[in-house]
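For the record, in the sequence shown the residue sitting at position 29 is 29 according to the UniProt record's numbering, with numbers rising by one throughout.
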Amino acid sequence: MTSTDTELDTLNDLLKKFRFAMVTTRAEDGALHAHPLTVQERES
């Protein structure tokens, strides 16, 4: 198992605790835009 695999496993363990997540991006003018996302189960 690589370091990346371990980090992804840690992230997936954290995401199991939440139903929704917010992804925030910054536009060219500096404005922030947030988008709600639902968390789905991880595929094997």
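Backbone N, C-alpha and C fix where the C-beta goes; we use that ideal spot for every residue, glycine too.
Locate the beta strand (DSSP E) running through Thr25, then write down its first and last residues. 20-26
If we ignore side chains and look at the alpha-carbon of each, how far apart do Ala27 and Leu37 end up? 19 angstroms
Three-way DSSP call (helix, strand, coil) for Thr38 in this model: strand
Which residues mark the beginning and the end of the alpha helix (DSSP H) in which Asp13 is found? 3-15
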